[in-house]
Amino acid sequence: MSQERFDAALSRLASQLDLDDLPDLIHRGRVNVAGTDVLLGCAPDGSCRLVIDLGPMPDGDEPAVLRRLLELNLRRAGGTQLALGLHPKSGHIVGVVQVAIDAVEPEGALWRMLSWDIPSWVARLETDLQTIDLATGAGSTAEFQREVSV
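Using the working numbering, read the sequence shown as starting at 26 and increasing by one per residue.
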């Protein structure tokens, strides 16, 4: 995707949103969606890249949370699915998704993704992380094995 096509998609998005800080979207690709910070950028392969700040890791057993994030990545693997990780500076859980420019260029497409998909992803992650007993790290493996067994 050319930077020009990405900038045009951001301009269309800006016209659809009632933003307090329009320059933050136009110049930095940053927008807040229902309390969730999202960075939008033009990826090297030409797609639109969204980095979604899903907040700090839950208190408790860090290895259990990290394991669960890896399990969730495997469950969601492929295509334009949300990949989960940790932001190197903040330590927050982030979700990253790359979408072809053709998918975000139509009028309203990027707005719909931000308005509908991101809140859904945030809610789903909260639910998925709640399946871990953070005191023991138990609870996620058996459920995960059922989901991926052939």
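Glycine is no exception: its CB is placed at the ideal position from the N, C-alpha and C atoms.
Taking the straight line between their C-alpha atoms, what separation do you get for residue i and residue j?
i       : j       : result
Ala-128 : Leu-65  : 14 Å
Ile-143 : Ile-118 : 14 Å
Arg-101 : Gln-155 : 17 Å
Thr-152 : Arg-74  : 24 Å
Ala-120 : Pro-69  : Strictly speaking, residue 120 in this sequence is Gly, with Ala absent from that position. Approximately 18 Å, taken between the alpha carbons.
Pro-88  : Leu-111 : 13 Å
His-52  : Phe-31  : 12 Å
Identify the continuous beta strand (DSSP E) that holds residue i and give its terminal residues.
i      : result
Gln-55 : Checking the sequence, you will find Arg at residue 55 rather than Gln. That run of the beta strand (DSSP E) goes 55 to 58.
Leu-75 : 73 to 78
Are there 16 or more other CB atoms within 10 angstroms of the CB of residue i, so buried, or fewer, so exposed?
i       : result
Arg-149 : exposed
Arg-93  : buried
Glu-96  : buried
Leu-99  : exposed
Gly-116 : exposed
What are the residues that DSSP puts in a beta bridge with residue i?
i       : result
Ala-108 : Val-121
Thr-209 : Because the chain is modelled from 26 through 175, residue 209 falls outside the range shown and cannot be assessed.
Gly-66  : Arg-74
Please check the pair residue i and residue j, which I expect to be a contact at CB under 8 Å, by giving their CB distance rounded to whole angstroms.
i       : j      : result
Gln-123 : Ser-72 : 4 Å
Is the closest heavy atom of the ligand FMN to the C-beta of residue i under 7 Å?
i      : result
Glu-87 : The ligand content of the structure shown is nil, which means the ligand FMN is not present either.
List the endpoints of the continuous alpha helix (DSSP H) containing residue i.
i       : result
Arg-149 : 143 to 154
Leu-38  : 28 to 41
Leu-95  : 87 to 100
Asp-127 : 126 to 129
Leu-139 : From DSSP, Leu-139 is part of no alpha helix (DSSP H); its letter is neither H nor E.
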